[in-house]
Each structure stands twice: as structure tokens, then as C-alpha cells.
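**Q** Residues in the sequence shown are numbered from 36 upward in steps of one, following the numbering used here.
One structure, as C-alpha cells, below. Some questions next.
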Amino acid sequence: MKKNLYTAEASATGGRSGHVRSSDSVIDMDMSVPEGLGGKKGATNPEQLFAAGYASCFQQALIVIAGRENLKLSPDSTVQCAVTLFQDGEAYGLSAVLDVDLKDMDQQKAFELVNKAHQICPYSVGTRGNMEVELKVAGQAAPVAADNA
36 MKKNLYTAEA
46 SATGGRSGHV
56 RSSDSVIDMD
66 MSVPEGLGGK
76 KGATNPEQLF
86 AAGYASCFQQ
96 ALIVIAGREN
106 LKLSPDSTVQ
116 CAVTLFQDGE
126 AYGLSAVLDV
136 DLKDMDQQKA
146 FELVNKAHQI
156 CPYSVGTRGN
166 MEVELKVAGQ
176 AAPVAADNA
């Protein structure tokens, strides 16, 4: 049974060269086309915000999965998320690469945890079937479980 836990609200004006603000004003910043595409330095863009959100959400999913298995992740563990904006004909799209470093954890166990986290992470669930997401563990491609494809 679906149970709503939280709703985030934000507004944007001016598109990629505008401004975004969350309803509580925690986010209140200028936006820009990425600098490499002619945008201004010192402003963020939607892809950076998406990457930051996905990385932190996936890290939390890993913490939850580890806890369910009575494991504790290294406090130095990281999730690096790279979001790519691409053009395909007239349409634009996104793809993501999640590179998880669980530090001293056995690689096979790390692959298992990453796949399980990919099953429950809200970003992974929301993007599944809609955008390509590649999983890596310490730079190595993670074998993706059939139910994660």
C-alpha cells in the first residue's frame, strides 16, 4: 500500500538561465546552461542537481540495505553520480553512471549491495525503464541483476 512520506516543492523561472527556489528557500540559486555549453561560471544546472540528489539518495539506500543485513558501511564510503545530457534527434535525454566505493568491502558483497540498493532507491525506481543507468563498484562495471535491468 502506497504511503506518501514527503513532498518537495520548488519553482523555476527563466529555464536553464534562470533561478530556482525551494518552497522553504533552502535552495535559492541561479541556474545556467553548463559552462562547457556556453553557460556562466558559478551557477548550477539541472544535471548537477539531479546528480547530487541521486548520489545522496542511492547512498541512503545502501545504508538501509546494509542495515537490513547487519552490516555497517564505512563512513568514508561514497557514491559518485555522473549525469549526462545528450541529444537524440530532436529530443534530449539523460543517462547516469553510479560509481559506488564501499572501501574495504569484498567486491562480490559490494556488487550485491549495490544491486539491492538499486531496487529500493527512489531515483533508481523512478528512472528504471526511462533512462540508462550504469552501476559500478570502485570503477568496475557491476553485473546488474535481471530484475534491475
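Glycine residues also receive a C-beta, built at the ideal position from the N, C-alpha and C atoms.
Over the uninterrupted beta strand (DSSP E) stretch that includes R163, give me the two end residues.
**A** The residue you call residue 163 lines up with position 128 of the sequence shown. Here R163 belongs to no beta strand (DSSP E), and DSSP marks it neither H nor E.
**Q** Can you give the Cα-Cα distance for E169 and R56, rounded to whole angstroms?
**A** Translated into the one-based positions of the sequence shown, residue 169 becomes position 134. Translated into the one-based positions of the sequence shown, residue 56 becomes position 21. One C-alpha to the other measures close to 30 Å.
**Q** Does DSSP put C116 in a helix, in a strand, or in coil?
**A** What you label residue 116 is simply residue 81 of the sequence shown in a count that begins at 1. Here C116 sits in strand by DSSP.
**Q** I need the straight-line Cα distance from P110 to G124, nearest angstrom please.
**A** Locating residue 110 in the sequence shown gives position 75, where the first residue counts as 1. Locating residue 124 in the sequence shown gives position 89, where the first residue counts as 1. When rounded, the distance between both Cα atoms is 43 Å.
**Q** Would A131 and A117 qualify as a contact pair, given that the criterion is a beta-carbon distance under 8 Å?
**A** Counting from one through the sequence shown, the residue named residue 131 turns up at place 96. Counting from one through the sequence shown, the residue named residue 117 turns up at place 82. It is a contact, given that the beta carbons lie within the stated cut-off.
**Q** Check for me: the alpha helix (DSSP H) holding R103 runs from which residue to which?
**A** Along the sequence shown, one-based indexing puts residue 103 at 68. Unbroken alpha helix (DSSP H) run through R103: 81-103.
**Q** Taking only three categories from DSSP, how would you classify L106?
**A** Taking the sequence shown and counting its residues from 1, one reaches residue 106 at position 71. In this structure, L106 counts as coil in the three-state DSSP scheme.
**Q** Indicate the three-state DSSP secondary structure (helix, strand or coil) for A45 in the structure shown.
**A** For the purposes of this step, residue 45 is taken as residue 10 along the sequence shown, with counting starting at 1. Three-state DSSP puts A45 in a strand.
**Q** Quick one: what's got a C-beta closer than 7 Å to E70's C-beta in the same chain, skipping five residues either side?
**A** Counting from one through the sequence shown, the residue named residue 70 turns up at place 35. Around E70: K76.
**Q** Leaving aside the five residues before and after A78 along the sequence, list all residues of the same chain whose C-beta is less than 8 Å from its C-beta, in chain order.
**A** By 1-based counting over the sequence shown, the position of residue 78 is 43. Within the same chain, A78 has close Cβ partners M64, D65, M66, S67.
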